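Each remark here refers to the structure printed beneath this line.
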Amino acid sequence: MTQQEIYNILKEKFGDEIIEFSHELPSDPYIVANRSKIDEICLFLRDEENLNFDYLVILSGMDYIEKLGVVYHLYSIKHKHRLTIKVFLSKDDPHIPTVEKIWRSADWHEREAWDMYGIIFDGHHNLIRILCPYDWEGFPLRKDYKTPEEYHGIKVPY
Amino acid sequence: MGLLDRLDNPYNFGGIILGTLEDLLNWGRSKSDWYLHFGLACCAIEFMAANASHFDFMRFGTIPRASPRQADFMIVSGTVTLKMAERIVRLYEQMADPKYVLSMGSCANCGGPYWEHGYHVLKGVDRIIPVDVYIPGCPPRPEAFLEGMILLQSKINKQEIFKKRKRLEEEMKNMNQ
Amino acid sequence: MSERRKIEFDYSGVDTDRMRVNVGPQHPSTHGVLRLEVELEGEIVTEVVPHIGYLHRCFEKHAEAMTYPQVIPYIDRMDYISSMNNEWPYVIAIEEMCGIKVPEKVEYIRVICAELNRIANHQIAVATFGLDAGAFTPFLYLFRDREWILNLFERISGGRLLYNYFCVGGVRGDVYPTFKEDCLDIVRQVRATNKEIMDLLIYNHIFVERTANIGILPVDVAINYGCSGPVLRGSGFPYDLRRSEPYSIYDRFDFDVQVGKGEVGTVGDCWDRNIVRMREMEESCKIIEQAVAQMPDTGDVFEAIPKKIRVPKGEIYRAAENPKGELGFYIVSDGGQKPFRVRPRATSFINLSVLPEISKGYMLADLILILGSIDIVLGEVDR
């Protein structure tokens, strides 16, 4: 199934929650969705018979300078089709529903997105830092991040 | 170098070795070093290669120890991150004196390729513990690593044991006065 | 062959406390700097909490600060055991964005290098898995063979471990005249040693007893956790990107996708994940033989390398079959010299997340084996 067809199905089912479909070469096509019902959209994508996206390839946090984002790359092992969903979040209110109950692999990915970008996944059972130390301050992969001068008395810059 | 060379010396009538006790102790220490292997990153794989059949690291008389309390020297092979730094200090402090540190690879020496933007990388393990031998390379070849080991052995061979204690005692005395 | 199940003891009448034990981050069997917080009841593992990030080297931050070719050395250092394979998806993604067609000879060189590196990776995986189970000799045998492969890589790229060999549009250097013969020599050597390893380690009764029926990973759990590579294939699911979505020239080669069949235990146990790696080495040998036979002798490998890489605005996700599983790169470009974002789909990171699920109810010594059978590289887990 092409991404255009998947987009039509989603648009029919969820209406305004699905915002746009972009397919400009040489980019991969992607769907932009609203954040409020992303968990329902994902559950639908996984359980619908002819979509069957049972494999979350990767979940990435993004920093688009003026806003944040979450990108879901999905794959269906049965039907061998791929789908990319993008969700934009404002920097003041980076909340998004979790999808860890739909794909268990999202657990660590979401923790990483929180660690690196400060995106808060509502409903996640254990949203703590994963790569940085637990007492780290700031979100390193944000574009405006400044390397700290000191950590526990150790000088950090070269 | 060492005691064995003197065996070849004809003036010592073969089999008789003249030397100081310090020489003997250093010879023993340098030829049976037990190491705490601190495998961190890519360098650890080269270290494994150095340990395996082609390079045979154990011919130096070294034996890997998993516990710092039984180790003579520590091999820090790879990138040290800030999260790891405190553990390294702790393990170093658990080692019994005299202890040595071999810093393997650019990352452990100075941060390596991560020196500029590595917000979470310690720029050189010598910021937290004293280092005896630096081995450059990213990663160092096993040959380079073996040379580092030879350097460490020659350092141990030249170390003073008794004089040092005397000197330190005098220094302490001076400090107290 | 063996009939070992999860061990259940009757604890009634015995006062037992659960104990939390730290394994790592400095531990010889954690394959790097992984820290496992293990809750034990006696010797039985009741809970495992992995703590990672002890090797977090800020790859994604570096990628944003470097130009496109400068990112490649950092990719090498992610999964440092299989650097050639790592570079490939990144290079494919950028070539696709820029519309570069790679010369025929380069494709063959890449396939041969990637498959040789796959063999080297699996040799380390099997060797260290043997070490975890207490077998030291296979380690020496396999590292002896790996040295042959590294020597070949050193001749073509200059590096023993981290190659920086693939570049956008080609490879960094042409192969030397006797390259093909050397590849076939290695294949012969690998086959001979693998035959030995099969007797020495894989079908060794002690090894089978230790690894069969341990750490069983059902297929649906594996897919839900996003596992790939030998971990997923060990559970009996033939998912291999080289076959399901052939990239480069993999559609020209004849090879089998090896899956675990539960020959000595249950499908998806540690032994199955390990045997998949052993058999994949043989498949790689087959691919190398075919590639060497088909590879053109002449051709300019530098022909398609662009002088300046201008990646158009856009984003792309491309993946390739790493020895550890599906390694992909999600690259976002804003049209400039530097990538806006490079997000790796780190295979080991995802494969490791299944560990707490499959290690409950086994002994602490088995936990080490289960971890070894997943074959993680901490450089990729923490990036």
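If you're matching them up, the sequences are chains P, G and L in order.
Positions 1 to 158 (this note's numbering) are the ones given, in order, by the first sequence.
Positions 1001 to 1177 (this note's numbering) are the ones given, in order, by the second sequence.
Positions 2001 to 2383 (this note's numbering) are the ones given, in order, by the third sequence.
Quick reminder that beta carbons are idealized off the backbone N, C-alpha and C, glycines included.
Computed from a predicted model, the values in this text were never measured in an experiment.
Residue-chain proximity (residue i, chain G), Cβ-Cβ < 8 angstroms
i: cysteine 132 (chain P); result: yes
i: phenylalanine 2253 (chain L); result: no
i: leucine 2387 (chain L); result: Here chain L has residues from 2001 to 2383 only, and residue 2387 (chain L) is not among them.
i: isoleucine 154 (chain P); result: yes
i: threonine 147 (chain P); result: yes
i: proline 97 (chain P); result: no
i: proline 94 (chain P); result: no
i: glutamate 2147 (chain L); result: yes
i: leucine 2427 (chain L); result: Outside the shown range of chain L (2001 to 2383) lies residue 2427 (chain L), about which nothing can therefore be said.
i: tyrosine 7 (chain P); result: no
i: tyrosine 117 (chain P); result: no
i: tyrosine 75 (chain P); result: no
Residue i at chain L interface by Cβ criterion, 8 angstroms
i: glycine 1124 (chain G); result: no
i: phenylalanine 1100 (chain G); result: The sequence shown places tyrosine at residue 1100 (chain G), rather than the phenylalanine named in the question. So no, tyrosine 1100 (chain G) is outside the interface.
i: tyrosine 55 (chain P); result: yes
i: tyrosine 1114 (chain G); result: yes
i: tryptophan 103 (chain P); result: yes
i: arginine 1069 (chain G); result: no
i: leucine 108 (chain P); result: Reading off the sequence, residue 108 (chain P) comes out as tryptophan, not leucine. It does: the Cβ of tryptophan 108 (chain P) has a partner Cβ on chain L nearer than 8 angstroms.
i: arginine 1141 (chain G); result: yes
i: glutamate 24 (chain P); result: yes
i: proline 29 (chain P); result: no
Status (buried if at least 16 other CB within 10 Å, exposed otherwise) for residue i
i: methionine 2295 (chain L); result: buried
i: histidine 2205 (chain L); result: exposed
i: threonine 1062 (chain G); result: buried
i: tyrosine 7 (chain P); result: buried
i: glutamate 2352 (chain L); result: Residue identity differs from the one stated: residue 2352 (chain L) is leucine in this sequence, not glutamate. By the 10 Å Cβ count, leucine 2352 (chain L) comes out buried.
i: leucine 2241 (chain L); result: buried
i: threonine 2067 (chain L); result: exposed
i: methionine 1001 (chain G); result: A caution first: methionine 1001 (chain G) carries a pLDDT of 47, below 50, which makes its placement in the model too unreliable to give a value.
i: glutamate 1093 (chain G); result: exposed
i: glutamate 149 (chain P); result: exposed
i: phenylalanine 1162 (chain G); result: exposed
i: methionine 1172 (chain G); result: exposed
Below-8 angstroms beta-carbon distance, residue i vs any chain P residue
i: tyrosine 2239 (chain L); result: yes
i: methionine 1001 (chain G); result: Unreliable positioning characterises methionine 1001 (chain G) in this predicted model, as indicated by a pLDDT of 47, which lies under 50. A coordinate reading is not provided.
i: tyrosine 1134 (chain G); result: no
i: asparagine 2224 (chain L); result: yes
i: tyrosine 1092 (chain G); result: no
i: isoleucine 2206 (chain L); result: no
Terminal residues of the alpha helix (DSSP H) in which residue i lies
i: arginine 1167 (chain G); result: 1162–1176
i: tyrosine 2080 (chain L); result: Taken as a continuous stretch (DSSP letters only), tyrosine 2080 (chain L) belongs to no alpha helix (DSSP H), as it is neither H nor E.
i: glycine 118 (chain P); result: It is not in any alpha helix (DSSP H) - glycine 118 (chain P) carries neither H nor E in the DSSP assignment.
i: glycine 2229 (chain L); result: First-last for glycine 2229 (chain L): undefined, no H or E at that position.
Residue range of the unbroken beta strand (DSSP E) whose run includes residue i
i: lysine 86 (chain P); result: 82–89
i: alanine 2320 (chain L); result: 2314–2322
i: isoleucine 2331 (chain L); result: 2325–2333
i: methionine 1084 (chain G); result: Looking at the DSSP string, methionine 1084 (chain G) is not in any beta strand (DSSP E); the run it does join, the alpha helix (DSSP H), is 1082–1094.
i: glutamate 2047 (chain L); result: 2044–2051
i: arginine 2343 (chain L); result: 2341–2345
i: valine 2021 (chain L); result: 2018–2023
i: glycine 61 (chain P); result: 55–63
i: arginine 1127 (chain G); result: Note, arginine 1127 (chain G): premise wrong, no beta strand (DSSP E); not H, not E.
i: proline 1064 (chain G); result: 1063–1065
Worksheet item: Using Cβ-Cβ distances below 7 angstroms, what residues of the stretch 2299–2329 of chain L are close to chain P?
Response: Pro2312, Gly2314, Glu2315, Ile2316, Tyr2317, Gly2328
Worksheet item: Just checking, does the stretch 26–33 of chain P make contact with the stretch 2308–2317 of chain L on the three C-beta pairs under 8 angstroms criterion?
Response: yes
Worksheet item: If you measure beta-carbon to beta-carbon, which residues of the stretch 1047–1063 of chain G are closer than 8 angstroms to chain L?
Response: Met1048, Ala1049, Ala1052, Ser1053, His1054
Worksheet item: Listed in chain order, which residues of the stretch 1077–1090 of chain G have Cβ atoms closer than 8 angstroms to some Cβ of chain P?
Response: Leu1082, Lys1083, Ala1085, Glu1086
Discussion item. Could you check whether the stretch 91–108 of chain P touches the stretch 42–59 of chain P, counting it as contact only if at least three pairs of C-beta atoms, one from each stretch, sit closer than 8 angstroms?
Written reply: yes
Item to complete: Could you say if the stretch 65–81 of chain P and the stretch 2195–2210 of chain L meet the contact criterion of at least three C-beta pairs nearer than 8 angstroms?
Response: no
Worksheet item: When the Cβ atoms of the stretch 1066–1083 of chain G are set against those of the stretch 2158–2167 of chain L, are three or more pairs found closer than 8 angstroms?
Response: no
Discussion item. If contact is defined by three or more beta carbon pairs under 8 angstroms, each pair taking one atom from either stretch, is the stretch 2248–2260 of chain L in contact with the stretch 2283–2301 of chain L?
Written reply: yes
Worksheet item: Below 8 angstroms, can you find three or more Cβ-Cβ pairs linking the stretch 1119–1127 of chain G to the stretch 1092–1107 of chain G?
Response: yes
Worksheet entry | Under 8 angstroms (Cβ pairs) to chain G, residues found in the stretch 2034–2063 of chain L | Gly2053, Tyr2054, Leu2055, His2056, Arg2057, Cys2058, Lys2061, His2062
Worksheet item: Listed from N- to C-terminal order along the chain, which residues in the stretch 2094–2108 of chain L have their beta-carbon within a distance smaller than 9 angstroms of any beta-carbon of chain P?
Response: Glu2096, Met2097, Cys2098, Gly2099
Worksheet item: Given 8 angstroms as the limit, is there contact between the stretch 2209–2227 of chain L and the stretch 2257–2270 of chain L, that is, 3 or more CB pairs closer than that?
Response: yes
Discussion item. Closer than 8 angstroms is the cut-off here; do at least three beta carbon pairs connect the stretch 1017–1035 of chain G with the stretch 2043–2063 of chain L?
Written reply: no
Practice prompt. Check each residue of the stretch 2067–2078 of chain L: if its Cβ is closer than 9 angstroms to any Cβ of chain G, include it; give the result in chain order.
Written response: Pro2073, Tyr2074, Asp2076, Arg2077
Worksheet entry | Three-pair Cβ contact test at 8 angstroms for the stretch 2343–2358 of chain L versus the stretch 2368–2375 of chain L | yes
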